[in-house]
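In the numbering used here, the protein residues as written are 1 to 333.
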């Protein structure tokens, strides 16, 4: 049963340079008790989708329902069944962790006793007991994200929206937050997650929707999406970047797609039909041309390969909104 349904969502913003089509007929379905990841580059429409579904903005066209509630017709009822955690921790730095959660409960009219009970429960769940009585301004980045996520859960929502939840976190804090999200889903919570971290989508999501230019351009499980870009990729690392063009031509002859070159020009990879045979032929041709290699081998496709194939862009350096759109580029034809 779908707990989130959106059909034909459009949203256009006005800017000095002209209209910006943030959503262009986006469709989305999320089964109850699952994690859906929205994967896409900056400006793809991920955050706008979350804003529409969480009643923070209205679409120009389209419909949306959450837990059977019409999001546009009854935003107040929608807010009762959802929780939202944005890209940056929205907490009062002068209050303690406990006071922040208690305040959120009061704002939701839970009452003093229930607000405090829920605050204590969430402090324990997020392993913040030792820090619960300290002002948030002294928290680490990971602790702030945890208290922010706890705040989104004060009302025990059926659907949790996480917009780039691990942005800016160190690897250890990111893994800890993943464990919390996994635990919530096991308890029956549905999660809609936007992310630019491909490993995050691979690790957490039951289903992934790739968004670009305001539309869903592909969806499926991680394995299903990877299957779309072939079974293996041949990867070679050059000793001398000056051999890039010659090596790229060889990989192009033996590959099933346009070779992809790393930003430093030394690593090239390409999708192939028969991994071992293709690798052997590539190595033979490179040797015949006198091209020295630092390393060579095969690998399975990753979500980054999927993303690059579908959008022409990589998410390798898109951890921040102002980051460059790509780090890798397609080889010139």
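Idealized CB from N, CA, C, for every residue including glycine.
Distance CB(residue i)-CB(residue j) smaller than 7 Å
{"i": "residue 235", "j": "residue 310", "result": "no"}
{"i": "residue 268", "j": "residue 276", "result": "no"}
{"i": "residue 78", "j": "residue 55", "result": "yes"}
{"i": "residue 97", "j": "residue 66", "result": "no"}
{"i": "residue 238", "j": "residue 266", "result": "yes"}
{"i": "residue 23", "j": "residue 47", "result": "no"}
{"i": "residue 115", "j": "residue 133", "result": "no"}
{"i": "residue 190", "j": "residue 159", "result": "yes"}
{"i": "residue 59", "j": "residue 28", "result": "no"}
{"i": "residue 141", "j": "residue 110", "result": "no"}
{"i": "residue 162", "j": "residue 198", "result": "no"}
{"i": "residue 214", "j": "residue 45", "result": "yes"}
{"i": "residue 40", "j": "residue 212", "result": "yes"}
{"i": "residue 105", "j": "residue 113", "result": "no"}
Residue i versus the options, residue with shortest Cα-Cα distance
{"i": "residue 42", "options": "52, 164, 180", "result": "164"}
{"i": "residue 285", "options": "154, 28, 111, 249", "result": "249"}
{"i": "residue 278", "options": "296, 35, 176, 263", "result": "296"}
{"i": "residue 334", "options": "130, 271, 177", "result": "Nothing can be reported for residue 334, as the shown portion of the chain is limited to 1 through 333."}
{"i": "residue 153", "options": "167, 129, 120", "result": "120"}
{"i": "residue 257", "options": "85, 194, 312", "result": "312"}
{"i": "residue 226", "options": "241, 240, 207, 213", "result": "207"}
{"i": "residue 75", "options": "176, 94, 86, 53", "result": "53"}
{"i": "residue 144", "options": "294, 95, 35", "result": "95"}
{"i": "residue 253", "options": "264, 262, 273", "result": "273"}
{"i": "residue 4", "options": "18, 287, 64, 223", "result": "64"}
{"i": "residue 288", "options": "247, 196, 18", "result": "247"}
{"i": "residue 223", "options": "87, 303, 19, 294", "result": "303"}
{"i": "residue 50", "options": "80, 34, 17, 87", "result": "87"}
{"i": "residue 178", "options": "293, 20, 35", "result": "35"}
Residue i to residue j span [Cα, whole Å]
{"i": "residue 156", "j": "residue 83", "result": "8 Å"}
{"i": "residue 229", "j": "residue 305", "result": "7 Å"}
{"i": "residue 13", "j": "residue 201", "result": "28 Å"}
{"i": "residue 139", "j": "residue 90", "result": "13 Å"}
{"i": "residue 291", "j": "residue 243", "result": "7 Å"}
{"i": "residue 31", "j": "residue 37", "result": "12 Å"}
{"i": "residue 216", "j": "residue 26", "result": "6 Å"}
{"i": "residue 11", "j": "residue 129", "result": "43 Å"}
{"i": "residue 171", "j": "residue 241", "result": "31 Å"}
{"i": "residue 99", "j": "residue 126", "result": "15 Å"}
{"i": "residue 307", "j": "residue 69", "result": "33 Å"}
{"i": "residue 2", "j": "residue 185", "result": "15 Å"}
{"i": "residue 232", "j": "residue 255", "result": "10 Å"}
{"i": "residue 71", "j": "residue 62", "result": "11 Å"}
{"i": "residue 93", "j": "residue 149", "result": "15 Å"}
{"i": "residue 122", "j": "residue 263", "result": "44 Å"}
{"i": "residue 261", "j": "residue 251", "result": "11 Å"}
{"i": "residue 33", "j": "residue 73", "result": "24 Å"}
{"i": "residue 195", "j": "residue 203", "result": "12 Å"}
{"i": "residue 124", "j": "residue 137", "result": "20 Å"}
{"i": "residue 81", "j": "residue 180", "result": "19 Å"}
Assigned exposure category for residue i - 16 Cβ within 10 Å defines buried
{"i": "residue 15", "result": "exposed"}
{"i": "residue 6", "result": "buried"}
{"i": "residue 188", "result": "exposed"}
{"i": "residue 319", "result": "Annotation note: pLDDT 38 at residue 319 (below 50); position unreliable, coordinate value reported separately. Looking at its Cβ environment, which holds fewer than 16 other Cβ atoms inside 10 Å, residue 319 is exposed."}
{"i": "residue 166", "result": "buried"}
{"i": "residue 151", "result": "buried"}
{"i": "residue 332", "result": "Only weak support exists for where residue 332 lies, its pLDDT of 34 falling under 50; the value from the coordinates is given anyway. The residue in question, residue 332, is exposed, as its Cβ has fewer than 16 Cβ neighbours within 10 Å."}
{"i": "residue 107", "result": "exposed"}
{"i": "residue 205", "result": "buried"}
{"i": "residue 175", "result": "exposed"}
{"i": "residue 85", "result": "buried"}
{"i": "residue 301", "result": "buried"}
{"i": "residue 20", "result": "exposed"}
Opening and closing residue of the beta strand (DSSP E) in which residue i lies
{"i": "residue 334", "result": "Since the first and last residues shown for the chain are 1 and 333, residue 334 lies out of range."}
{"i": "residue 200", "result": "Residue 200 -> not in any beta strand (DSSP E); alpha helix (DSSP H) instead, spanning 198-204."}
{"i": "residue 299", "result": "293-299"}
{"i": "residue 85", "result": "82-85"}
{"i": "residue 24", "result": "18-31"}
{"i": "residue 235", "result": "232-238"}
Span of the alpha helix (DSSP H), counted from its first residue to its last, around residue i
{"i": "residue 46", "result": "46-53"}
{"i": "residue 5", "result": "Where residue 5 is concerned, there is no enclosing alpha helix (DSSP H), although the beta strand (DSSP E) it sits in stretches over 2-15."}
{"i": "residue 244", "result": "244-254"}
{"i": "residue 353", "result": "This structure gives no information on residue 353, because the portion of the chain shown stretches from 1 to 333."}
{"i": "residue 259", "result": "No alpha helix (DSSP H) contains residue 259, which DSSP labels as neither H nor E."}
{"i": "residue 311", "result": "303-311"}
{"i": "residue 182", "result": "171-186"}
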